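Visitor: Please find one structure pasted underneath; my questions will follow.
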């Protein structure tokens with residue numbers, strides 16, 4: 020009971036760490052090898068191995084359910100449902116079916132179970148659930164990032180291939196109608212209809228399947244027309260349309276989607292890394308500024324800033340946390356502190372300005388300004404700057420006009 024209570028109250032952030040993910044990847048990799056050995060090697064100990072692996076998977080699922088709660092099912096990740104189904108099917112195969120068999124043997128007897136066709140059908144369906152274990156290989160793909168990106172590319176390519184498949188079917192159907200009339204009816208063979216021509220092109224469905232085989236490299240279907248010039252031209256035209264055009268389109272669609280998916284995955288990984296680095300930067304700078312901010316007003320004055328830059332340890336920590344050169348950091352302080360003073364003057368806070376003769380910088384503003392330090396200026400940012408300058412220009416004109424009239 021104490022173990023269960025401590026489990027409910029524990030912090031499970033380590034479940035998303037690299038060590039735990041590496042451990043689970045190793046377990047799935049070992050399980051992948053064991054699945055093939057189970058089929059080829061007859062050994063009574065496989066049951067205990069499978070039960071151990073099922074306990075590991077169940078424990079992992081319990082950890083994730085405890086950490087995410089209802090978000091485990093409401094999130095957009097389909098992997099959560101896949102993991103839940105795999106663990107559930109494994110538990111039914113390894114634990115539920117033996118329990119049901121035991122209870123049936125205990126209360127109803129073995130013969131009655133064998134004669135009950137409904138139970139036999141249910142047991143057969145439940146036994147087929149062990150095939151779901153193969154899906155654990157998909158989970159291994161998810162944990163290995165290069166394989167996961169490749170899998171995402173394949174999935175996106177399959178979605179994009181749907182219209183290429185429709186185009187291929189329509190092309191084969193149109194060609195099947197042509198081949199049935201020209202070859203199946205003997206128009207290109209001078210009225211001679213061989214048994215192979217009837218076999219391959221006797222009807223539209225047969226022609227459709229024969230042309231699909233021809234498109235994939237089966238040249239046996241060409242024999243009825245190989246000795247006729249018209250048949251050779253018909254064969255060459257079909258190969259140009261299908262193998263050169265349609266397959267080229269299919270290859271380009273798959274390649275483009277895999278490249279775009281890979282780029283998108285790389286951008287997401289880079290964004291995640293930048294977010295983690297910013298969070299680490301915020302924590303380090305927060306500790307540094309809290310240490311130097313003696314009055315606790317969340318502002319760094321010019322004297323406090325000079326203290327940081329003159330103290331080797333503090334200066335080194337500041338430069339390491341920001342990842343910037345000393346000159347760039349000083350520019351940040353000068354520009355942001357001047358902006359802060361101008362904001363105070365614009366708001367008419369004269370009393371605070373008089374009691375604050377030196378520059379002051381809200382270090383939360385400083386930390387936030389570092390967030391997008393490497394981001395490129397886009398059109399929206401330029402529009403904001405232009406609009407801000409235009410407002411300042413209008414205010415200056417109003418001020419000068421009021422001064423001249425006064």
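In my numbering, the protein residues as written are 20 to 425.
Heads up, the beta-carbon is just placed ideally off N, CA and C, and yes, glycines get one too.
Here the structure is a predicted model, which means the values were calculated and not measured.
Using the rule of at least 16 other Cβ atoms within 10 Å of the residue's Cβ for burial, across every protein chain shown, is residue 67 buried or exposed?
Guide: The sequence position of residue 67 within the chain shown is 48, counting from 1. Under this definition residue 67 is an exposed residue.
Visitor: Do you know how far the Cα of residue 293 is from the Cα of residue 280?
Guide: Translated into the one-based positions of the chain shown, residue 280 becomes position 261. Translated into the one-based positions of the chain shown, residue 293 becomes position 274. Rounded to whole angstroms, residue 280 to residue 293 spans 20 Å at the Cα level.
Visitor: Pairs of beta-carbons, one from the stretch 204-213 and one from the stretch 298-313, closer than 8 Å: are there three or more?
Guide: no
Visitor: Which residue wins for smallest C-alpha separation from residue 262, given the options 164, 387 and 187?
Guide: Counting from one through the chain shown, the residue named residue 262 turns up at place 243. Selected option, being the one with the closest Cα: 187.
Visitor: Would residue 173 and residue 269 be called neighbours here (beta carbons separated by less than 8 Å)?
Guide: As a working note, residue 173 is residue 154 in the chain shown. As a working note, residue 269 is residue 250 in the chain shown. Cβ atoms of residue 173 and residue 269: not closer than 8 Å.
Visitor: What's the call for residue 108, buried or exposed, on a 16-neighbour Cβ count within 10 Å?
Guide: The residue labelled residue 108 in the question sits at position 89 within the chain shown. It counts as buried.
Visitor: For a test of the three-state rule: what should DSSP assign to residue 63, helix, strand or coil?
Guide: The residue given as residue 63 occupies position 44 in the chain shown. Coil at residue 63, not helix or strand.
Visitor: Quick one: using the 10 Å Cβ neighbour count with 16 as the cut-off for buried, is residue 12 buried or exposed?
Guide: Residue 12 is absent from the structure shown; the chain starts at 20 and stops at 425.
Visitor: How big is the Cα-Cα spacing for residue 85 and residue 75?
Guide: To locate residue 85, count along the chain shown from 1; it is residue 66. To locate residue 75, count along the chain shown from 1; it is residue 56. Those two C-alpha atoms are separated by around 15 Å.
Visitor: Helix, strand or coil for residue 212, going by three-state DSSP, please let me know.
Guide: Here residue 212 refers to the residue found at position 193 of the chain shown. Residue state, collapsed to three classes: coil.
Visitor: Starting from residue 380, trace the beta strand (DSSP E) in both directions and tell me its first and last residue.
Guide: The residue you call residue 380 lines up with position 361 of the chain shown. 379-381 is the extent of the beta strand (DSSP E) around residue 380.
Visitor: If you count every other CB in all the chains shown that lies within 10 Å of the CB of residue 33, and 16 or more means buried, which is it?
Guide: Locating residue 33 in the chain shown gives position 14, where the first residue counts as 1. By the neighbour-count rule (16 or more Cβ atoms within 10 Å), residue 33 is not buried but exposed.
Visitor: Look at residue 170 and residue 156 and say whether their C-beta atoms are less than 8 Å apart.
Guide: Here the question's residue 170 lines up with position 151 in the chain shown. Here the question's residue 156 lines up with position 137 in the chain shown. No.
Visitor: Reducing DSSP to helix, strand and coil, say where residue 274 ends up.
Guide: The count along the chain shown starts at 1 and reaches residue 274 at position 255. Residue 274 sits in a helix when the DSSP states are folded into three classes.
Visitor: Apart from the five residues just before and just after residue 317, which ones in its own chain have a Cβ nearer than 7 Å to its Cβ?
Guide: In the chain shown, residue 317 corresponds to position 298, counting from 1. Residues 381, 382 and 383 of the same chain have their beta carbon placed closer than 7 Å to that of residue 317, with the five preceding and five following residues left out of the count.
Visitor: Grab me the residues of residue 373's own chain with a C-beta within less than 8 Å of its C-beta, minus the 5 sequence neighbours each way, in chain order.
Guide: Here the question's residue 373 lines up with position 354 in the chain shown. With a pLDDT of only 46 at residue 373, under the threshold of 50, the placement of this residue in the model should not be trusted, and no figure is reported.
Visitor: Under the rule that 16 or more other beta-carbon atoms within 10 Å means buried, what is residue 250, buried or exposed?
Guide: As a working note, residue 250 is residue 231 in the chain shown. Classification of residue 250: buried, given that the 10 Å Cβ count is 16 or more.
Visitor: With a threshold of 16 other CB atoms inside 10 Å of the CB of residue 194, please say whether the residue is buried or exposed.
Guide: By 1-based counting over the chain shown, the position of residue 194 is 175. It is buried - the Cβ of residue 194 has at least 16 other Cβ atoms within 10 Å.
Visitor: For residue 405 and residue 416, I'd like the C-alpha separation in whole angstroms.
Guide: Counting from 1 along the chain shown, the entry for residue 405 is found at position 386. Counting from 1 along the chain shown, the entry for residue 416 is found at position 397. Those two C-alpha atoms are separated by around 16 Å.
Visitor: So residue 72 packs on residue 106, CB below 8 Å; how close in whole Å?
Guide: Taking the first residue of the chain shown as 1, we reach residue 72 at position 53. Taking the first residue of the chain shown as 1, we reach residue 106 at position 87. Contact flag wrong, Cβ pair sits at about 11 Å.
Visitor: Quick one: what's residue 319 bridged to in DSSP?
Guide: Sequence index remark: in the chain shown, residue 319 carries index 300 (1-based). DSSP output for residue 319 lists 380 as bridge partner(s).
Visitor: Report the option in 83, 407 and 356 whose CA atom is closest to the CA atom of residue 388.
Guide: Here residue 388 corresponds to residue number 369 of the chain shown, with the count starting at 1. Looking at the Cα atoms, 356 is the closest of the given residues.
Visitor: What are the start and end residues of the alpha helix (DSSP H) that includes residue 108?
Guide: In the chain shown, residue 108 corresponds to position 89, counting from 1. Residue 108 -> alpha helix (DSSP H) spans 97-110.
Visitor: Considering residue 113, what are the terminal residues of the alpha helix (DSSP H) in which it resides?
Guide: In the chain shown, the residue the question calls residue 113 occupies position 94. Segment: none, residue 113 is in no alpha helix (DSSP H) and carries neither H nor E.
Visitor: The alpha helix (DSSP H) spanning residue 232 covers which residue range?
Guide: As a first step, residue 232 is located in the chain shown; it is residue number 213 there, counting from the start. Residue 232 -> alpha helix (DSSP H) spans 223-234.
Visitor: Does the distance from the CB of residue 101 to the CB of residue 154 come in under 8 Å?
Guide: Your numbering for residue 101 matches position 82 in the chain shown. Your numbering for residue 154 matches position 135 in the chain shown. Less than 8 Å divides the Cβ of residue 101 from the Cβ of residue 154.
Visitor: Cutting at 7 Å between CB atoms, please list the residues of its own chain near residue 231, excluding the five before and the five after it.
Guide: Against the chain shown, residue 231 aligns to sequence position 212. Cβ neighbours of residue 231 beyond the five flanking positions: 191.
Visitor: Within its chain, find whatever has a CB closer than 7 Å to the CB of residue 91; leave out the 5 residues flanking it on each side and keep chain order.
Guide: As a first step, residue 91 is located in the chain shown; it is residue number 72 there, counting from the start. Closer than 7 Å at the Cβ level, and outside the excluded window around residue 91, lie 83, 84 and 99.
Visitor: Could you give the DSSP three-state label for residue 203: helix, strand or coil?
Guide: Position 184 of the chain shown, counted from the first residue, corresponds to residue 203. Here residue 203 sits in helix by DSSP.
Visitor: For the alpha helix (DSSP H) holding residue 13, just list the boundary residues, first then last.
Guide: Because the chain in this structure spans residues 20 to 425, residue 13 falls outside the shown range and cannot be described.
Visitor: Would you kindly work out how many angstroms separate the C-alpha atoms of residue 151 and residue 226, rounded to a whole number?
Guide: The count along the chain shown starts at 1 and reaches residue 151 at position 132. The count along the chain shown starts at 1 and reaches residue 226 at position 207. Roughly 38 Å between the two C-alpha positions.
Visitor: Could you compute how far the alpha carbon of residue 132 sits from the alpha carbon of residue 124?
Guide: Reading the chain shown from its first residue, position 113 is the one you call residue 132. Reading the chain shown from its first residue, position 105 is the one you call residue 124. Because the pLDDT at residue 132 is just 49, under 50, the model does not fix this residue reliably, and the point stays unresolved.
Visitor: Assign residue 385 to one of two classes, buried (16 or more other C-beta atoms within 10 Å of its C-beta) or exposed (fewer than that).
Guide: Numbered from 1 along the chain shown, position 366 holds the residue referred to as residue 385. The residue in question, residue 385, is buried, as its Cβ has 16 or more Cβ neighbours within 10 Å.
Visitor: Would you mind giving the Cβ-Cβ distance between residue 431 and residue 343, rounded to the nearest angstrom? I have them listed as a contact below 8 Å.
Guide: In the structure displayed, the chain extends from 20 to 425; residue 431 sits before or after that span and is not available.
Visitor: Where residue 10 and residue 104 are concerned, what is the direct C-alpha to C-alpha distance, given to the nearest angstrom?
Guide: Here the chain comprises residues numbered 20 to 425, so residue 10 is not present and cannot be evaluated.
Visitor: For residue 386, which three-state DSSP category applies?
Guide: Translated into the one-based positions of the chain shown, residue 386 becomes position 367. The answer is helix: DSSP assigns residue 386 an H, G or I state.
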